[in-house]
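Everything in the sequence shown is counted per this note's numbering, starting at 127 for the first residue and increasing by one. A virtual CB, placed ideally from N, CA and C, is assigned to each residue, including glycine. These notes are about the structure you will find just below.
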Amino acid sequence: MSRSAVTSTISEVVIQDHREIEECYGNYRTATSKEKKEQWANQFRWELARHSVGEELVVYPAFEKYLGAEGKQIADADRADHLEIKKMMSELESIDDVNDPNFPALLKTLMENLREHLKSEEENDLVKLEEAIPREESESLSKSFQRTKHFVPTRSHPSAPDKGGLFETAAGLASAPIDKLRDMFSSFPDQEKV
């Protein structure tokens, strides 16, 4: 079997991430105990934060590089969506208790906004990118995206730079250890259930 037959494209890995984020939200909604709700809310936050920064560092610069002026417009619109989502995530993180009546309402609003963003990326943005690049480049972006997610912050930072490049990378690397330390004191679902 050829190497490209088993390597995922950037669209495939981004869309898989989208499904995982939706699954975390669904598991939060169906959890019956405070502990499970908290674990799934933490997992949702963790997945979404890493995914968002991964897109900002890898996918959005690819839009700009390969799609020209239209790609810049797509990237700018997606960054604006991310900023709103990060603000909601930051507000959500400030609520200490998943049983606080504001928590589920805010998380639901965040997810509704996020679903619109995910749908637009999947049906429009990623399709255009895949049409503009060879499969090998898409596979390379996929690997870069997956690698990047290991080193980025795991919490929302709405004031962090989001244009990609060295400054955002440095800001992310500076925030990541603090986020990971905070994660050590947070409760998450069992690994086999994630």
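Subject >> E182 versus T158: straight-line alpha-carbon distance, rounded >> reply: For this step, residue 182 is matched to residue 56 along the sequence shown. For this step, residue 158 is matched to residue 32 along the sequence shown. Rounded to the nearest angstrom, the two C-alpha atoms are 35 angstroms apart.
Original post:
Does the Cβ of T156 have 16 or more other Cβ atoms within 10 Å, making it buried, or fewer, making it exposed?
Top reply: Working through the sequence shown from its first residue, we reach residue 156 at position 30. Exposed, by the Cβ-count rule.
Original post:
Taking the C-alpha atoms as reference points, what is the distance between S328 and L255?
Top reply: With the chain represented from 127 up to 320, any question about residue 328 goes unanswered, as that position is not in the structure.
Subject >> Span separating the alpha-carbon of K103 from that of M214 >> reply: Lying before the first or after the last residue shown, residue 103 is absent from the chain, which here runs from 127 to 320.
Original post:
Just how far apart, CA to CA, sit T133 and S268?
Top reply: Position 7 of the sequence shown, counted from the start, is the residue given in the question as residue 133. Position 142 of the sequence shown, counted from the start, is the residue given in the question as residue 268. Cα-Cα distance, rounded: 8 angstroms.
**OP:** Can you tell me which of K275, L244 and Q272 puts its alpha carbon nearest to the alpha carbon of D204?
**Re:** Here residue 204 refers to the residue found at position 78 when the sequence shown is read from its first residue. Restricting attention to K275, L244 and Q272, the CA atom closest to the CA of D204 is found in L244.
**OP:** Leaving aside the five residues before and after H208 along the sequence, list all residues of the same chain whose C-beta is less than 6 angstroms from its C-beta, in chain order.
**Re:** For the purposes of this step, residue 208 is taken as the residue at position 82 of the sequence shown. Same-chain partners within the cutoff: S178.
Original post:
Would T135 pass as a contact of S266 if the rule is Cβ separation under 7 angstroms?
Top reply: Counting from 1 along the sequence shown, the entry for residue 135 is found at position 9. Counting from 1 along the sequence shown, the entry for residue 266 is found at position 140. Their beta carbons are not under 7 angstroms apart, which means T135 does not touch S266 by this criterion.
Subject >> Within the stretch 216-259, ranges of the alpha helix (DSSP H) (whole runs, at least 4 residues) >> reply: 228-246 and 252-258
Original post:
My guess is that V224 and A188 are in contact by the Cβ rule of under 8 angstroms, so how many angstroms apart are they, rounded?
Top reply: Your numbering for residue 224 matches position 98 in the sequence shown. Your numbering for residue 188 matches position 62 in the sequence shown. For a cut-off of 8 angstroms, the C-beta gap from V224 to A188 is around 36 angstroms, too long to register as a contact.
Original post:
Which one of I200, L233, L193 and P227 has the shortest CA to CA distance from S216?
Top reply: Reading the sequence shown from its first residue, position 90 is the one you call residue 216. S216 has its Cα closest to that of L233, out of I200, L233, L193 and P227.
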